[in-house]
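J.: Sending over a structure as structure tokens; questions will come in a sec.
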Amino acid sequence: MATETPEAFDFDTRHERRGTDSVKWDLVPPERLPLWVADMDYPPPPAVVEAIKRRLEHPLLGYTNVPDTLYEQLEQFQRAQHGRAMPKDEVTVLSATMPGVKTAIECFTEPGDGIVVQAPVYPPFFQAVRDNRRRVVLNHLHEHHGEYRLDLEELETVIDDGTRMLLLCSPHNPVGRVWTRHELEGLAEIAVRHELVVVSDEIHADLRFEEHDFLGIADIGSKIAARTITLVSPSKTFNIPGCSVAAAAIKDSEMRRRYRSALRALGTDHVTLPALVASEAAYAHGGAWLTALRRHLAFTVGDVRRVLAERLPEVTASPVEASFVMWLDFRRLQRRRELDDLELQRVLREDAGVELLHGPQFGPGGEGFQRLNIAAPREVLYEALDRICAALG
Ligand SMILES: Cc1ncc(COP(=O)(O)O)c(C=O)c1O
Numbered sequence: 072m073a074t075e076t077p078e079a080f081d082f083d084t085r086h087e088r089r090g091t092d093s094v095k096w097d098l099v100p101p102e103r104l105p106l107w108v109a110d111m112d113y114p115p116p117p118a119v120v121e122a123i124k125r126r127l128e129h130p131l132l133g134y135t136n137v138p139d140t141l142y143e144q145l146e147q148f149q150r151a152q153h154g155r156a157m158p159k160d161e162v163t164v165l166s167a168t169m170p171g172v173k174t175a176i177e178c179f180t181e182p183g184d185g186i187v188v189q190a191p192v193y194p195p196f197f198q199a200v201r202d203n204r205r206r207v208v209l210n211h212l213h214e215h216h217g218e219y220r221l222d223l224e225e226l227e228t229v230i231d232d233g234t235r236m237l238l239l240c241s242p243h244n245p246v247g248r249v250w251t252r253h254e255l256e257g258l259a260e261i262a263v264r265h266e267l268v269v270v271s272d273e274i275h276a277d278l279r280f281e282e283h284d285f286l287g288i289a290d291i292g293s294k295i296a297a298r299t300i301t302l303v304s305p306s307k308t309f310n311i312p313g314c315s316v317a318a319a320a321i322k323d324s325e326m327r328r329r330y331r332s333a334l335r336a337l338g339t340d341h342v343t344l345p346a347l348v349a350s351e352a353a354y355a356h357g358g359a360w361l362t363a364l365r366r367h368l369a370f371t372v373g374d375v376r377r378v379l380a381e382r383l384p385e386v387t388a389s390p391v392e393a394s395f396v397m398w399l400d401f402r403r404l405q406r407r408r409e410l411d412d413l414e415l416q417r418v419l420r421e422d423a424g425v426e427l428l429h430g431p432q433f434g435p436g437g438e439g440f441q442r443l444n445i446a447a448p449r450e451v452l453y454e455a456l457d458r459i460c461a462a463l464g
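Under the numbering used here, the first residue of the sequence shown carries the number 72, and numbering increases by one thereafter.
See the structure below:
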């Protein structure tokens with residue numbers, strides 16, 4: 072495998088995605104630029120595509136085991152990226168992250184039980200609770216001028232006798248926070264005291280920016296580790312969400328046994344051959360690409376901020392500590408222009424010709440916000456920003 076230097080990657084070439092059944096591109100009208108669903112318009116590390124091509128030189132695509140080498144690569148990757156141990160015997164590879172969340176709900180709670188959801192948050196968290204006939208226990212994130220933190224005081228007050236679980240989005244989509252040790256310690260103390268099972272969705276963790284070290288809640292201490300299911304995935308990290316795959320790390324052996332049996336019962340243990348090949352290659356050879364991507368994203372965040380500050384100063388972005396979405400605050404502009412959320416969405420879609428994700432979809436606290444996916448070639452992103460500023464400036 073040739074050594075890849077961060078400079079060797081290109082995130083600016085425009086690849087035509089329309090006509091590929093892309094959710095992001097083919098589900099919106101052709102005149103609209105899509106900056107909504109969280110996939111990137113960048114090809115994955117070259118080693119991933121090479122590995123899939125190489126595998127296809129063998130014509131048989133039969134049932135395939137999760138190879139030991141994938142667990143080894145995941146373990147090495149976690150150690151290199153986050154300095155944490157994720158040994159094979161604690162890990163189970165599964166079909167994707169959300170099936171992993173739903174399996175945990177099914178396995179460790181009963182219908183009617185309360186599950187804490189910290190809003191605004193990735194909308195399927197709410198659906199996962201409701202579709203499984205559990206009850207959303209709402210814990211708002213604390214927001215001040217677009218800056219967010221966990222609201223542990225409120226959390227204490229919303230947990231009731233029937234609350235059994237907490238869904239943690241870490242780092243947080245859409246508000247971009249990498250939770251600090253201090254915040255996680257506070258959360259862990261409450262979860263332990265109230266005997267909550269914590270599902271820590273860490274799908275965005277590998278995309279944390281250089282100055283924000285990521286810490287998983289299971290690494291805070293043994294008590295919280297004994298009640299946590301940690302979900303990781305190469306899907307966002309290396310932009311391979313079409314090769315759906317994730318892994319659940321569970322330190323407690325009894326929880327792990329129960330979770331594995333629920334995965335089998337629900338069929339969520341099933342992983343496809345391309346996903347196995349892609350994820351192993353990504354973990355093994357994608358490090359330099361990932362470094363370059365994070366640098367590129369951090370730089371792009373700065374660019375978007377500059378454009379907004381110059382051309383649309385009433386719209387501001389929350390600090391981004393990880394990943395490739397920006398949480399834009401339109402509230403000041405909405406007040407001046409007397410636009411409600413639906414009218415703002417209409418202007419963005421029909422007048423500006425861009426598709427962002429509508430804040431209210433992220434639950435309470437999402438009103439007045441839109442989520443912008445910045446992982447597009449700069450030509451596309453600047454065109455979209457230009458259209459937004461022209462329509463709303
Ligand atoms: C926090 C979070 N969890 C899960 C997912 C989806 O992961 P998967 O496709 O592996 O189910 C996303 C996708 O945007 C996400 O942002």
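Glycine residues also receive a C-beta, built at the ideal position from the N, C-alpha and C atoms. Given the structure is predicted, the values throughout are model-derived calculations rather than measurements.
Using only alpha-carbon positions, find the residue among H275, D323, E281 that is nearest to S304.
T.: Taking the first residue of the sequence shown as position 1, residue 304 is located at position 233. When each option's Cα is compared against that of S304, the closest is H275.
J.: Look at the alpha carbon of R85 and the alpha carbon of D412, and state the distance between them as a whole number of angstroms.
T.: Within the sequence shown, the letter at position 14 stands for residue 85. Within the sequence shown, the letter at position 341 stands for residue 412. Their backbone Cα atoms lie some 31 Å apart in a straight line.
J.: Examine ligand 2 and report whether any of its heavy atoms sits within less than 6 Å of the Cβ of Y193.
T.: This structure lacks ligand 2; the ligands present are ligand 1.
J.: Sorted by chain position, which residues of the same chain lie with C-beta nearer than 7 Å to V425's C-beta, five sequence neighbours on each side aside?
T.: Taking the first residue of the sequence shown as position 1, residue 425 is located at position 354. Within the same chain, V425 has close Cβ partners R103, L104, L106, L419, A455, R458, I459.
J.: Kindly indicate which three-state DSSP category T228 falls into: helix, strand or coil?
T.: Walking along the sequence shown from the start, residue 228 turns up at place 157. T228: helix per DSSP, three-state reduction.
J.: Which same chain residues, not among the five before or five after I321, have their C-beta less than 7 Å away from its C-beta?
T.: For the purposes of this step, residue 321 is taken as the residue at position 250 of the sequence shown. For I321, where only same-chain residues beyond five positions count, the Cβ hits under 7 Å are E161, I300, R327, Y330.
J.: So what does Y193 bridge to, in DSSP terms?
T.: Along the sequence shown, one-based indexing puts residue 193 at 122. None, per the DSSP bridge assignment.
J.: Can you check DSSP and say which residues form a bridge with T234?
T.: Against the sequence shown, residue 234 aligns to sequence position 163. T234 pairs with G185.
J.: Give the DSSP-derived three-state secondary structure of L106 in the structure shown.
T.: Numbered from 1 along the sequence shown, position 35 holds the residue referred to as residue 106. Note: L106 maps to coil in three-state DSSP.
J.: Can you determine whether any heavy atom of ligand 1 sits closer than 6 Å to the C-beta of M397, and answer yes or no?
T.: For the purposes of this step, residue 397 is identified with residue 326 of the sequence shown, where counting begins at 1. Because no heavy atom of ligand 1 lies under 6 Å away, the Cβ of M397 does not count as near it: no.
J.: Going along the chain, which residues of its own chain have a beta-carbon closer than 6 Å to the beta-carbon of Q189, five neighbours each way excluded?
T.: By one-based count along the sequence shown, residue 189 stands at place 118. Excluding positions up to five away in sequence, the list reads N210, L212.
J.: Taking DSSP as the reference, what is the three-state secondary structure of L145?
T.: As a working mapping, residue 145 is identified with position 74 in the sequence shown. Helix.
J.: Might you give, ordered along the chain, the residues of its own chain that have their beta carbon closer than 6 Å to the beta carbon of C314, omitting 5 neighbours on each side?
T.: In the sequence shown, the residue the question calls residue 314 occupies position 243. These residues qualify, in order along the chain: P345, A346, A349.
J.: Throw me the rounded Cβ distance for the V164 and G357 pair, which I believe falls under 8 Å.
T.: Counting from one through the sequence shown, the residue named residue 164 turns up at place 93. Counting from one through the sequence shown, the residue named residue 357 turns up at place 286. Contact doesn't hold; Cβ gap of about 17 Å is too wide.
J.: Please state if the CB of G430 and the CB of Q416 are separated by a distance shorter than 7 Å.
T.: In the sequence shown, counting from the first residue as 1, residue 416 sits at position 345. In the sequence shown, counting from the first residue as 1, residue 430 sits at position 359. It is not a contact, given that the beta carbons lie outside the stated cut-off.
J.: For V164, write down the residues that DSSP places opposite it in a beta bridge.
T.: In the sequence shown, counting from the first residue as 1, residue 164 sits at position 93. Bridge partners of V164: A318.
J.: For E392 versus R264, is the C-beta spacing smaller than 7 Å?
T.: Position 321 of the sequence shown holds residue 392. Position 193 of the sequence shown holds residue 264. In this structure, R264 does not lie closer than 7 Å to E392 by Cβ.
J.: Of the choices V375, P115, R402, E385, whose alpha-carbon is the least far from that of Y453?
T.: Residue numbering aside, residue 453 sits at position 382 when the sequence shown is read from its first letter. Among V375, P115, R402, E385, the Cα nearest to that of Y453 is on V375.
J.: So, for M72: in the same chain, excluding its five sequence neighbours on each side, which residues have a beta-carbon less than 7 Å away from its beta-carbon?
T.: What you label residue 72 is simply residue 1 of the sequence shown in a count that begins at 1. Because M72 carries a pLDDT of 47, less than 50, the predicted location of this residue cannot be relied on, and the following value inherits that uncertainty. Result list for M72: A118, H356, in chain order.
J.: How about D340: is its Cβ closer than 6 Å to a heavy atom in ligand 1?
T.: The residue labelled residue 340 in the question sits at position 269 within the sequence shown. Answer for D340: no, Cβ out of range of ligand 1.
J.: Sorted by chain position, which residues of the same chain lie with C-beta nearer than 8 Å to P170's C-beta, five sequence neighbours on each side aside?
T.: For this step, residue 170 is matched to residue 99 along the sequence shown. Once the five neighbours on either side are set aside, the close Cβ partners of P170 are A317, L337, T339.
J.: Looking at the structure shown, is R126 part of a helix, part of a strand, or coil, going by DSSP?
T.: As a working mapping, residue 126 is identified with position 55 in the sequence shown. Residue state, collapsed to three classes: helix.
J.: Mapping DSSP to helix, strand and coil, what is Y219?
T.: As a first step, residue 219 is located in the sequence shown; it is residue number 148 there, counting from the start. If DSSP states are grouped into helix, strand and coil, Y219 belongs with the strands.
J.: Please list the terminal residues of the continuous alpha helix (DSSP H) segment that includes D412.
T.: The count along the sequence shown starts at 1 and reaches residue 412 at position 341. Where D412 is concerned, the enclosing alpha helix (DSSP H) stretches over 412-417.
J.: So for L98, helix, strand or coil by DSSP?
T.: By 1-based counting over the sequence shown, the position of residue 98 is 27. Coil at L98, not helix or strand.
J.: Check the C-beta distance from Y244 over to Y193 and give it rounded, since I have them as a contact under 8 Å.
T.: Indexing the sequence shown from 1 puts residue 244 at position 173. Indexing the sequence shown from 1 puts residue 193 at position 122. First, the residue type needs correcting, since residue 244 is Asn and not Tyr in the sequence shown. Yes, they are in contact, since the Cβ atoms of N244 and Y193 sit about 5 Å apart, within 8 Å.
J.: Would L221 and E254 be called neighbours here (beta carbons separated by less than 7 Å)?
T.: Here residue 221 is taken as the residue at index 150 of the sequence shown, counted from 1. Here residue 254 is taken as the residue at index 183 of the sequence shown, counted from 1. Yes, Cβ-Cβ distance for L221 and E254 is below 7 Å.
J.: Where does the unbroken alpha helix (DSSP H) through Q405 begin, and where does it stop?
T.: Locating residue 405 in the sequence shown gives position 334, counting from the first residue. 402-408 is the extent of the alpha helix (DSSP H) around Q405.
J.: What number of angstroms, rounded off, separates the C-alpha of A388 from the C-alpha of M397?
T.: Numbered from 1 along the sequence shown, position 317 holds the residue referred to as residue 388. Numbered from 1 along the sequence shown, position 326 holds the residue referred to as residue 397. Taking the straight line from one Cα to the other gives about 6 Å.
J.: If you drop the 5 nearest sequence neighbours on each side, which residues of the same chain put their C-beta closer than 8 Å to that of I230?
T.: Translated into the one-based positions of the sequence shown, residue 230 becomes position 159. Closer than 8 Å at Cβ, skipping near neighbours: G185, V187, V208, I261, H265, L267.
J.: Evaluate A461 with the Cβ neighbour count: other Cβ atoms within 10 Å of its Cβ, from every protein chain shown; 16 or more gives buried, anything less gives exposed.
T.: Along the sequence shown, read from residue 1 onward, the residue named residue 461 stands at position 390. Under this definition A461 is an exposed residue.
J.: Where does T180 land, buried or exposed, given buried means 16+ other C-beta within 10 angstroms?
T.: If you number the sequence shown from 1, residue 180 lands on position 109. It counts as buried.
J.: Straight-line CA distance for T74 to R126?
T.: Within the sequence shown, residue 74 is the residue found at index 3, counting from 1. Within the sequence shown, residue 126 is the residue found at index 55, counting from 1. The predicted model places T74 with a pLDDT of 48, which falls under 50 and marks its position as unreliable; any figure quoted below should be read in that light. Going from the Cα of T74 to the Cα of R126 covers about 21 Å.
J.: Does DSSP classify F179 as helix, strand or coil?
T.: Residue numbering aside, residue 179 sits at position 108 when the sequence shown is read from its first letter. Helix, per DSSP.
J.: Would you say the beta carbon of N210 is closer than 6 Å to some non-hydrogen atom of ligand 1?
T.: Residue mapping note: residue 210 aligns to position 139 of the sequence shown, counting from 1. Outside the cutoff, so no.
J.: Only counting the same chain, and skipping five residues up and downstream in sequence, which positions put a Cβ closer than 6 Å to that of V195?
T.: Position 124 of the sequence shown holds residue 195. It should be noted that the sequence gives Pro, not Val, for residue 195. Excluding positions up to five away in sequence, the list reads M169.
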